[in-house]
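Chains as they are written, first to last, in the working numbering: chain A, 1 to 122; chain B, 123 to 244.
One structure below.
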């Protein structure tokens, strides 16, 4: 059902099913979507390596897929997952651990990892 | 600071700053990132139209940018926004209003629009 671009890819956003935090963004091709759906474990397509890739195949930090959402024009996916460990290869929960701050990258607030904004808790 | 691919693009995930719901996914080029940062309003690059595009330029449903997060390899952005209206051109809050269910697309649960999973509230 999803539609792939000229390179046979679509954008996939991985979101923690519990916290709502965006954990990572990657690309999927038709094979990655099929593998994800048949196994229930998140698979992607690596543009740099030119091949199918199961998240956690080396680290063990696989992601169990709870739900796959498709956008209006069917060229992007949100994958709601329960991760077995950190999403990022650097060992942090989410790959999005820095924010743009002027001309530098600054760490995000520690409450970021809850996936929620909070004006009161710091 | 962000890194762009061979086509000069990166993936941008738009997330509601309050609810954490993923509203849309689009592409940005360097010009879109610069316009977003200078105006505080979300801009993207339209691959189909081949040009810079301010979200809401026709609908009025602009998005005020609260925070821009960059991932570990700096080729994807999460944009936390306060939207002025529905993100989707179909008039719904999020473009991700359908989930894959077997070989069809089904509406997501109504509690989806809160951006949170809830086992108790239905």
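For every residue, glycine included, the Cβ atom is placed at its ideal position computed from N, Cα and C.
None of the values given here were measured: they were computed from a predicted structure.
Delimiting residues of the beta strand (DSSP E) encompassing residue i
i: residue 188 of chain B; result: 185-192
Residue i - DSSP class collapsed to helix/strand/coil
i: residue 169 of chain B; result: coil
i: residue 198 of chain B; result: strand
i: residue 123 of chain B; result: coil
i: residue 108 of chain A; result: coil
i: residue 103 of chain A; result: coil
i: residue 86 of chain A; result: coil
i: residue 6 of chain A; result: coil
i: residue 164 of chain B; result: coil
i: residue 96 of chain A; result: coil
Option in the options with minimal Cα separation from residue i
i: residue 147 of chain B; options: B/189, B/181, B/207 and B/177; result: B/177
i: residue 83 of chain A; options: A/43, A/11 and A/3; result: A/43
i: residue 59 of chain A; options: A/94, A/88, A/51 and A/37; result: A/88
i: residue 41 of chain A; options: A/8, A/81 and A/109; result: A/81
i: residue 109 of chain A; options: A/103, A/102 and A/96; result: A/96
i: residue 185 of chain B; options: B/214, B/130, B/169 and B/139; result: B/139
i: residue 154 of chain B; options: B/199, B/141 and B/229; result: B/199
i: residue 215 of chain B; options: B/131, B/141 and B/150; result: B/141
i: residue 15 of chain A; options: A/107, A/66 and A/71; result: A/66
i: residue 172 of chain B; options: B/226, B/225 and B/131; result: B/131
Delimiting residues of the alpha helix (DSSP H) encompassing residue i
i: residue 133 of chain B; result: From DSSP, residue 133 of chain B is part of no alpha helix (DSSP H) but of the beta strand (DSSP E) over 132-138.
i: residue 161 of chain B; result: 152-161
Residue i classed as buried or exposed, judged by whether at least 16 other C-beta atoms fall within 10 angstroms
i: residue 73 of chain A; result: exposed
i: residue 5 of chain A; result: exposed
i: residue 133 of chain B; result: buried
i: residue 222 of chain B; result: buried
i: residue 79 of chain A; result: buried
i: residue 207 of chain B; result: exposed
i: residue 213 of chain B; result: exposed
i: residue 57 of chain A; result: exposed
i: residue 129 of chain B; result: exposed
i: residue 30 of chain A; result: exposed
i: residue 28 of chain A; result: buried
i: residue 158 of chain B; result: buried
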